[in-house]
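To keep things clear, I will list the structure first and then write my remarks on it.
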Amino acid sequence: MKNLKLKLARMEKDLSQTELAKQVGVTRQTIGMVEAGDYNPTLNLCIQICKSLDKTLDDLFWEEDSG
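This is how it looks when you write it as structure tokens:
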């Protein structure tokens, strides 16, 4: 499932995938795969992303029940 919340939060901060990747210590491809839903990031990476974007884990990674 695509992580549109992450992409929107990154865009709100006016960060490219490359810039966010540099801040959290991964490659741009990793950020792209997380946003595309093709990569399940570690908890540590999730926390680093949240800190960089001033968001909580719930803000970016919690999926609402759709039922």
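Residues in the sequence shown are numbered from 1 upward in steps of one, following our numbering. Note that CB positions come from ideal geometry on N, CA and C, so glycine has one too.
Alpha carbon to alpha carbon, how far is residue j from residue i? Give it in angstroms, no decimals.
{"i": "L60", "j": "S52", "result": "12 Å"}
{"i": "L57", "j": "K22", "result": "20 Å"}
{"i": "E19", "j": "D54", "result": "15 Å"}
Return the Cβ separation of residue i and residue j in integer angstroms, given the expectation that the two are a contact with Cβ distance under 8 Å.
{"i": "M1", "j": "G37", "result": "5 Å"}
Taking buried to mean at least 16 other C-beta atoms within 10 Å of its own C-beta, is residue i buried or exposed?
{"i": "Q29", "result": "exposed"}
{"i": "N70", "result": "No answer is possible for residue 70: it lies beyond the span of the chain, which begins at 1 and ends at 67."}
{"i": "N44", "result": "exposed"}
{"i": "E64", "result": "exposed"}
{"i": "L4", "result": "exposed"}
{"i": "L8", "result": "exposed"}
message = Suppose only complete runs of 3+ residues qualify. What are the beta strand (DSSP E) ranges in the stretch 33-63, listed by chain order?
response = none
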